[in-house]
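Residue numbers (our numbering): 24 to 762.
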């Protein structure tokens, strides 16, 4: 079949709302999957389809002048992205399509693709050109300008070439779609908050009392006013999120009270349109003209050539990153993974689906799936299954949040069907019924299992069954809230979910909670716009460099005070390049922080608990500008997302939406969430010969213990940068294996 020739599937799609005379150019961005992809599903209705991914050289250079000077994307994440692109290219080719890619800015690459294809498109009778893409979950000026420039450049090129242009934006980054947020409930909560703030200004001593009252109220139940809903506004217009609650607690309460359940994930398109004429590959034929052949070549396996092609500024940023982190392999990426790396990430939709399946269902070896212990393990700082390890796949769009929840609900539906079947067997068979094979699955459960084991099509197919048998996210949230109350706030703070008495009863609720927290930071970032990367998400509140509220310590008893988020007097940050370099390279003298930072530089991964402590130490103890830390994390993290990364940083620095302005006691945090000091043993070889207790507190080693371990404080391992007593807090004794 000639490339671009309409197929029967295309004709049927056109009849249901597609375009028989149109090219769809799918700009693949942070949605590198086929299933549950609104943009690609819409593209399947067009005459022909060209998927195109662009790796913008600007992402290999520093975000801003005067900042940390590191590339927006470091080699570990760049390698994962290339891995995901290669997997997507193979998946699309297997489906009869193709994937073109360019190491070029989208405003240049998108029109170039259209110009290359224009002669053959016109010869085939194509008269319209549509750009379809998923909005970036980033409303900073840099991202907004790039998206608008790409759309405008494509539209201008289409008109210039004689095509009728069409630009369509979609959404896919969050569990809850922006169109489904309870805007009326948000507005009601914002109005109540404003009234409370006004009363507090008149009577400052009532502020704490009113905060407690606010925490005890819901956000209202009406969702009649759904807020603006246009393709142009979807995702990027900050005005849309003006009433978004300041705190994640209020955000989740409003969702629980007034939001509809998350939408079910979309299945894979039944058929892909052929590649456009003049485009080789993907089974579409063609004469080799039109699109240059190198556009359809596989992406490089290693990222160094991309930094070299991006120019001197990118290479200088790469060297700056290597020097800053004392990790020279970052300047010359390649080679085997670090020996201490606990989990190797592979990019791609299949790899993401496999990680989701193993986390939710187990590896088939008989061991309980990691999801069962997630309520407690999620707080730990070390271990392969201490977290879901899904965030890198979510960040690149290899897996969607809706697929995660659908997979959990499918598992719950299977369990419910199994219980119902067993009860029915007992009722119908009596004593003889007990002789049935106990290992035999219920027919309904087996049927669901066959579809749900493969996220994407599978999760979507299982939703219909799961919806009838499994609790919705709203119901799970209600169950989670009740469980939290039963366990008590102290136990919740200590373990993040309590003991065996209830943590495994609603494991899906804990996972859904984390996805909703991710939603909160993404939508808050869209509300903040460029303020997110300048002064923090609380810029509208005139908090400037870091707030100024009373800091609440975390890690010990939860009591105590400290300086405000701004670090120095009046909220000013210190300028100390040496202190920042010691923090970035893991040489602060505090093992939990140091091991976490070295793990990040070497692997691109760091646990959530480690991220919170590292951020708190930089901003609250060293009093350094939190934005420098956010830039470094943005560069190094495999799962870097603008909203969660910058939002969490401003939150932990006291410049964001944290009314309590927490301050972590990093020594006690390490003892509690890495009781055996596994991180220090793996990433701080200079401390590995010490027993676990001293790996957390090497300054407490006796001369004999230090000599036996080869430790010379200040020589083989740095002396603490700040007084260690301020990093130790009272609290429950850490228990091995507990959060």
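Built from N, CA and C at the ideal position, the CB exists for glycine as well.
The structure presented is a predicted model; accordingly, all values stated were derived computationally and were not measured.
Around the C-beta of residue i, are 16 or more other C-beta atoms found within 10 angstroms, so that it is buried, or is it exposed?
| i | result |
| --- | --- |
| residue 725 | exposed |
| residue 88 | exposed |
| residue 164 | exposed |
| residue 182 | exposed |
| residue 750 | buried |
| residue 748 | exposed |
| residue 391 | exposed |
| residue 451 | exposed |
| residue 738 | exposed |
| residue 253 | Interpretation of residue 253 is limited by its pLDDT of 33, a score under 50 that renders its predicted location unreliable; no figure is taken from the coordinates. |
| residue 203 | buried |
| residue 428 | buried |
| residue 446 | exposed |
| residue 74 | buried |
| residue 384 | buried |
| residue 160 | buried |
| residue 268 | buried |
| residue 345 | buried |
Where does residue i fall in DSSP's three states?
| i | result |
| --- | --- |
| residue 737 | coil |
| residue 269 | coil |
| residue 84 | coil |
| residue 322 | coil |
| residue 686 | strand |
| residue 114 | helix |
| residue 356 | coil |
| residue 628 | coil |
| residue 542 | helix |
| residue 520 | Low local confidence applies: a pLDDT of 33 at residue 520 is under 50, so the model's placement there is unreliable, with the coordinate-based value given in what follows. Residue state, collapsed to three classes: coil. |
| residue 123 | strand |
| residue 77 | strand |
| residue 51 | strand |
| residue 647 | strand |
| residue 597 | strand |
| residue 699 | coil |
| residue 197 | coil |
| residue 531 | helix |
| residue 668 | helix |
| residue 181 | helix |
| residue 558 | coil |
Who are the Cβ neighbours of residue i in its own chain at under 6 Å, not counting the five residues just before and after it?
| i | result |
| --- | --- |
| residue 633 | 404 and 619 |
| residue 543 | 271 and 274 |
| residue 538 | 198 and 424 |
| residue 289 | 59 and 64 |
| residue 130 | 172, 173 and 176 |
| residue 400 | 409 |
| residue 264 | 546, 549 and 550 |
| residue 386 | none |
| residue 143 | 300, 301 and 313 |
| residue 541 | 667 |
Where DSSP assigns a beta bridge to residue i, which residues make up the other side?
| i | result |
| --- | --- |
| residue 192 | 156 |
| residue 264 | Its beta-bridge partners do not exist; DSSP assigns none. |
| residue 206 | Looking at the DSSP assignment, residue 206 forms no beta bridge with any residue, so it has no partner. |
| residue 187 | 151 |
| residue 71 | 46 |
| residue 94 | 85 |
Please confirm whether any heavy atom of the ligand MN lies closer than 7 Å to the CB of residue i.
| i | result |
| --- | --- |
| residue 294 | In the structure on display, the ligand MN does not appear, and there are no ligands present to speak of. |
Enumerate in chain order the residues of its own chain whose CB-to-CB distance from residue i is below 7 Å, with the five nearest sequence positions on each side excluded.
| i | result |
| --- | --- |
| residue 603 | 647 and 651 |
| residue 337 | 80, 83, 84, 94 and 330 |
| residue 631 | 410 |
| residue 669 | 548, 555, 556 and 653 |
| residue 349 | 608 |
| residue 637 | 616, 619 and 620 |
| residue 62 | 49, 54, 155, 156, 157 and 193 |
| residue 162 | 259, 261, 548, 549 and 552 |
For residue i, which residues of its own chain have a beta-carbon under 8 Å away from its beta-carbon, when the five flanking residues on both sides are left out?
| i | result |
| --- | --- |
| residue 742 | 612, 722 and 736 |
| residue 709 | 733, 734, 739 and 740 |
| residue 418 | 53, 661, 662, 663 and 664 |
Does the CB of residue i have a neighbour CB from chain D at under 8 Å?
| i | result |
| --- | --- |
| residue 123 | You won't find chain D in this structure, because it holds only one protein chain. |
Could you tell me whether the stretch 601-621 touches the stretch 682-693, where touching means 3 or more Cβ pairs closer than 8 Å?
yes
Evaluate contact between the stretch 92-110 and the stretch 364-375, counting only Cβ atoms and requiring at least three cross-stretch pairs below 8 Å.
yes
Per the contact definition of three or more C-beta pairs closer than 8 Å, is the stretch 95-102 in contact with the stretch 46-54?
no
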